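Engineer:
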Amino acid sequence: MTGNGRRRFPTSLTTRAATALALVAASLLTGCGALPGATGGSRAPITVMTWAPEGTKATNMPGMPAMAEAYARWVNSEGGINGHELRVITCNEGNSATGAAACARKAIKEEAVAVVGSYSQHGRAFMAPLEAANIPYIGGYGLSDEEFTSFVSYPVNGGQIALLAGNGMQLAGACERVSLVRPDTIAGDYLHRLLNSGLARGSRREAVDIPAAEDAGEYTAVARRSRTRAGEERGCVTAALGERTAHFFDSFRRLPTDGRDIRVSSVLGSVDQMLVDRTGGASGPFEGAYITGWYPDAGDARWSRMKQVVQEHAFGDNRIDPADAGVQTTWIAYTVLHQVVEAIGDEEVTPGRIALTLDRGLRVDTGGLTPALRWRYEDMLGTPGFPRIVNDRVTFQVVRKGRLVAQRSGFVNVGQTLMDARAS
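169 is the number of the first residue of the sequence shown in our numbering; add one for each residue after it.
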């Protein structure tokens with residue numbers, strides 16, 4: 169005891185106490201992403217971005233950002249993802265390189281930890297900024313080469329290239345001669361080779377390549393040429409013009425009859441159930457059409473959870489069509505994000521940690537909507553030019569009685585067909 173009656177503690181004890189207090193204070197401020205002063209131990213919100221073109225003269229995908237917003241409302245109503253509120257910001261990509269780059273810069277400015285379920289054909293414009301900021305690009309629509317080459321990209325499907333290769337395989341069993349109508353763009357130039365690779369699997373000769381403007385109002389001349397070049401017997405015309413596919417087939421069905429029965433075909437995303445309904449259903453031009461998709465048909469029970477979320481959290485937003493391939497891709501991309509954040513656990517959710525979790529081999533279960541997804545090096549197809557494909561499966565569908573249904577059950581592997589296309 170000292171003269172003033174106060175007890176002096178040993179210096180070592182005082183130091184340890186101060187250190188302990190400092191650690192407690194630090195944990196309150198930063199530990200596990202928790203918000204200081206928040207009740208119930210809630211974690212810091214996480215911000216992501218979804219972009220897509222809206223209101224343009226070419227392809228528009230407003231359902232993708234709308235689905236992202238509905239997904240956020242759903243998970244936030246259930247307490248967020250692993251305790252994190254999900255904040256979704258959207259951007260109109262505008263179908264332009266300038267717009268795509270602007271959206272990428274906005275994602276960086278808003279400190280997004282990932283870009284999820286987005287649509288753009290301008291990979292060069294948006295991927296470079298994302299790479300510089302190390303922001304993962306999860307579940308893009310699969311239009312650009314960069315989505316299958318960039319180290320920050322984590323695709324959930326095989327993109328347009330898988331659809332065209334699969335479409336060739338699907339048509340090889342039914343068509344003697346095929347005309348391909350595709351966009352007269354850099355991205356469209358490669359589609360002819362992919363379709364031919366699929367046709368070759370069935371020992372069919374090459375398709376007639378017919379480039380067309382992707383923003384034309386009508387396609388009478390193109391339709392006439394495609395029908396003429398489809399051959400005399402068992403001819404088929406397939407078109408992959410995005411939103412303008414409907415305009416093409418409208419011109420096609422208006423052609424005066426020439427006595428030939430030409431089968432039509434397309435890929436999901438260019439033709440969907442809404443378009444089939446809008447053009448007359450069972451009595452319309454798509455009855456009997458062959459359609460290649462990435463996922464199970466829209467009537468499959470595996471989509472029930474997504475449909476429930478749309479019904480309960482989209483508040484009647486007519487931009488969302490559960491049968492739309494863009495909406496479906498967005499749902500799957502956010503399923504990936506959800507499982508990544510859960511796998512990160514108590515650590516802070518950052519762009520780098522998301523990428524590291526995926527690179528280390530997180531296995532994502534999409535409920536059968538795709539094969540199990542994993543982005544380790546050994547899981548990638550390694551196709552020259554598209555090395556990061558991890559899902560090389562497609563589905564064959566057909567329009568029967570006005571409904572898009574499975575032509576055959578299960579997924580079809582197009583991996584070898586893609587390899588053959590790159591080698592040709």
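C-beta: ideal position from N, C-alpha, C; glycine also.
What you are looking at is a predicted structure, and each value in this text was computed from that prediction instead of being measured.
(1) Is Gly-437 close to chain D, meaning its C-beta is less than 8 angstroms from at least one C-beta of that chain?
(2) For Pro-351, name the three-state secondary structure that DSSP assigns.
(3) Which first and last residues belong to the alpha helix (DSSP H) in which Phe-417 is found?
(4) Under 8 angstroms, do Asp-560 and Ala-330 count as touching if we go by C-beta distance?
(5) What runs of the alpha helix (DSSP H), each 4 residues or longer, lie entirely inside the segment 414-501?
(6) What is the rounded straight-line gap between the Cα of Leu-526 and the Cα of Arg-422?
(7) Taking 8 angstroms as the threshold (C-beta atoms), are Gly-494 and Tyr-309 in contact?
(8) With DSSP as the reference, label Thr-227 as helix, strand or coil.
(9) What would DSSP say about Leu-254, mapped onto helix, strand or coil?
(10) Taking the C-alpha atoms as reference points, what is the distance between Ser-419 and Asn-302?
(11) Would a C-beta distance cut-off of 8 angstroms place Ser-394 and Asp-588 closer than the cut-off?
(12) Is the beta carbon of Glu-278 less than 8 angstroms from the beta carbon of Ala-220?
(13) How about Gly-522 and Ala-300: are their beta carbons less than 8 angstroms apart?
(14) In the DSSP assignment, find the beta strand (DSSP E) that holds Val-284 and state where it starts and stops.
(15) Return the chain-ordered ranges of every alpha helix (DSSP H) run that is complete within the segment 367-419 and spans a minimum of 4 residues.
(16) I need the straight-line Cα distance from Leu-197 to Tyr-239, nearest angstrom please.
(17) Out of curiosity, what's the CA-to-CA distance linking Val-508 and Gly-385?
(18) Could you give the first and the last residue of the continuous alpha helix (DSSP H) run that contains Ile-249?
(19) Would Asn-486 be called buried (16 or more neighbouring beta carbons within 10 Å of its own) or exposed?
Structural biologist: By the coordinates alone:
(1) Among the chains of the structure shown, chain D does not appear; only one protein chain is present.
(2) If you number the sequence shown from 1, residue 351 lands on position 183. Under the three-state reduction of DSSP, Pro-351 is assigned to strand.
(3) For this step, residue 417 is matched to residue 249 along the sequence shown. If you look at Phe-417, you'll find it in the alpha helix (DSSP H) that goes 413-421.
(4) In the sequence shown, the residue the question calls residue 560 occupies position 392. In the sequence shown, the residue the question calls residue 330 occupies position 162. Contact: yes.
(5) Counting only runs of 4 or more, we get 441-446 and 472-481.
(6) To locate residue 526, count along the sequence shown from 1; it is residue 358. To locate residue 422, count along the sequence shown from 1; it is residue 254. One C-alpha to the other measures close to 50 angstroms.
(7) Within the sequence shown, numbered from 1, the residue matching residue 309 stands at position 141. Within the sequence shown, numbered from 1, the residue matching residue 494 stands at position 326. The Cβ atoms of Tyr-309 and Gly-494 sit closer than 8 angstroms to each other.
(8) Start at 1 with the first residue of the sequence shown, and residue 227 comes out as number 59. It is coil, neither helix nor strand.
(9) Here residue 254 is taken as the residue at index 86 of the sequence shown, counted from 1. In the structure shown, Leu-254 adopts extended strand secondary structure according to DSSP, grouped into three states.
(10) Taking the sequence shown and counting its residues from 1, one reaches residue 419 at position 251. Taking the sequence shown and counting its residues from 1, one reaches residue 302 at position 134. Answer to the nearest angstrom: the Cα atoms are 45 angstroms apart.
(11) Position 226 of the sequence shown, counting from 1, holds the residue named residue 394. Position 420 of the sequence shown, counting from 1, holds the residue named residue 588. Not a contact, by the Cβ cut-off of 8 angstroms.
(12) The sequence position of residue 278 within the sequence shown is 110, counting from 1. The sequence position of residue 220 within the sequence shown is 52, counting from 1. Contact annotation: Glu-278 and Ala-220 have beta-carbon atoms that are not nearer than 8 angstroms.
(13) On the sequence shown, residue 522 is found 354 positions in, with the first residue counted as 1. On the sequence shown, residue 300 is found 132 positions in, with the first residue counted as 1. According to the sequence as given, residue 522 is Ile; it is not Gly. Inclusion of Ile-522 and Ala-300 in the CB contact set at 8 angstroms is not warranted, their separation being larger than that value.
(14) Locating residue 284 in the sequence shown gives position 116, where the first residue counts as 1. Val-284: member of the beta strand (DSSP E) spanning 282-284, first to last residue.
(15) If we require 4 residues or more, the alpha helix (DSSP H) runs fully inside the segment 367-419 come out as 388-396.
(16) On the sequence shown, position 29 is the one that residue 197 refers to. On the sequence shown, position 71 is the one that residue 239 refers to. Because the pLDDT at Leu-197 is just 38, under 50, the model does not fix this residue reliably, and the point stays unresolved.
(17) By 1-based counting over the sequence shown, the position of residue 508 is 340. By 1-based counting over the sequence shown, the position of residue 385 is 217. Near 43 angstroms, if we compare the C-alpha coordinates of Gly-385 and Val-508.
(18) Sequence index remark: in the sequence shown, residue 249 carries index 81 (1-based). Per DSSP, Ile-249 lies in no alpha helix (DSSP H) and is assigned neither H nor E.
(19) Locating residue 486 in the sequence shown gives position 318, counting from the first residue. By the neighbour-count criterion, in which a residue is buried when 16 or more other Cβ atoms sit within 10 angstroms of its Cβ, Asn-486 is exposed.
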